[in-house]
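Residue numbers for the sequence shown follow our numbering, so the first one is 9 and each next one is one higher. For every residue, glycine included, the Cβ atom is placed at its ideal position computed from N, Cα and C. Beneath this line is the structure, given in structure tokens, with notes to follow.
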Amino acid sequence: MNLLNPNDSLAFNLSLNSPFNFICFKCGACCYHRHIELNNFEISQLARSFHLSRFELRQRFLNPGPRPWIKNKSDGSCFFLRPSGCSIYPVRPLVCRLYPLGLLFGPKGEERWGLLPLHPDCLGLITDDKTIEDYLFSQEAMPYLQFERRLRKIKGFSSRRPKTSW
Ligand code: SF4
Ligand code: SF4
Numbered sequence: 009m010n011l012l013n014p015n016d017s018l019a020f021n022l023s024l025n026s027p028f029n030f031i032c033f034k035c036g037a038c039c040y041h042r043h044i045e046l047n048n049f050e051i052s053q054l055a056r057s058f059h060l061s062r063f064e065l066r067q068r069f070l071n072p073g074p075r076p077w078i079k080n081k082s083d084g085s086c087f088f089l090r091p092s093g094c095s096i097y098p099v100r101p102l103v104c105r106l107y108p109l110g111l112l113f114g115p116k117g118e119e120r121w122g123l124l125p126l127h128p129d130c131l132g133l134i135t136d137d138k139t140i141e142d143y144l145f146s147q148e149a150m151p152y153l154q155f156e157r158r159l160r161k162i163k164g165f166s167s168r169r170p171k172t173s174w
């Protein structure tokens with residue numbers, strides 16, 4: 009398995025057909041000190057899984073704002089991180105499904121994919137034995153990505169990646 013060129017990091021010069029795969033060891037190190045904003049689709053998915061209304065979900069688990077974000081615990085960990093890992097894994101938001109991929113939208117909606125810097129303690133392995141598109145399917149990210157695409161189309165495309173940083 010060949011690692012991708014580290015110089016590609018943050019270049020955002022990748023496409024859906026670019027070679028990429030990522031093996032995550034679910035250590036949880038990247039689930040600390042995050043600012044994970046949720047769109048309406050992500051909120052609805054979470055609310056349904058907890059049998060809560062969207063209002064109740066916001067009250068219990070999210071910080072307020074135009075684009076609310078997941079609360080962190082006092083140690084900085086994501087509210088949904090448990091010793092066994094992500095407690096909302098089947099309904100985790102898009103950024104958690106993409107990581108360590110990032111996505112920029114151009115002015116006409118063109119997509120540019122890139123590699124985000126790995127968390128310093130990340131044990132994950134980036135390989136090139138599949139494609140970015142394969143990876144998105146493996147993470148069941150497509151419905152989440154389609155919603156984000158529609159949202160950007162309605163609100164106007166801007167060159168910012170979906171919300172993630174360390
Ligand atoms: S939602 Fe899950 S995967 Fe995402 S930061 Fe929280 S615990 Fe980690
Ligand atoms: S830090 Fe890396 S190996 Fe650990 S959960 Fe996050 S992506 Fe996976």
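In the three-state scheme derived from DSSP, where H, G and I count as helix and E and B as strand, Pro-27 is classed as strand. Within its own chain, the residues whose Cβ lies closer than 6 angstroms to the Cβ of Tyr-152, once the five positions on either side in sequence are excluded, are Leu-102, listed in chain order. In the DSSP assignment, Asp-142 falls outside any beta strand (DSSP E) and lies within the alpha helix (DSSP H) extending over 140 to 146. Per DSSP, Ser-92 has no beta bridge partner at all.
C-alpha of Ile-162 to C-alpha of Lys-116: approximately 12 angstroms in a straight line. Secondary structure at Phe-33: coil, using DSSP grouped into helix, strand and coil.
The beta carbon of Leu-65 is closer than 7 angstroms to those of Ile-51, Leu-54, Ala-55 and Phe-58 in its chain, skipping five residues each way along the sequence.
Only residues of its own chain outside the window of five on either side were considered, and among them Pro-108 and Gly-110 have a CB closer than 6 angstroms to the CB of Leu-124, listed in chain order. Taking C-beta atoms under 8 angstroms as the contact rule, Ala-37 and Cys-130 qualify, at a distance of about 6 angstroms. Here Leu-126 carries a coil assignment [DSSP, helix/strand/coil]. Under the 8 angstroms Cβ criterion, the region 74 to 93 counts as touching the region 30 to 47, having at least three qualifying pairs.
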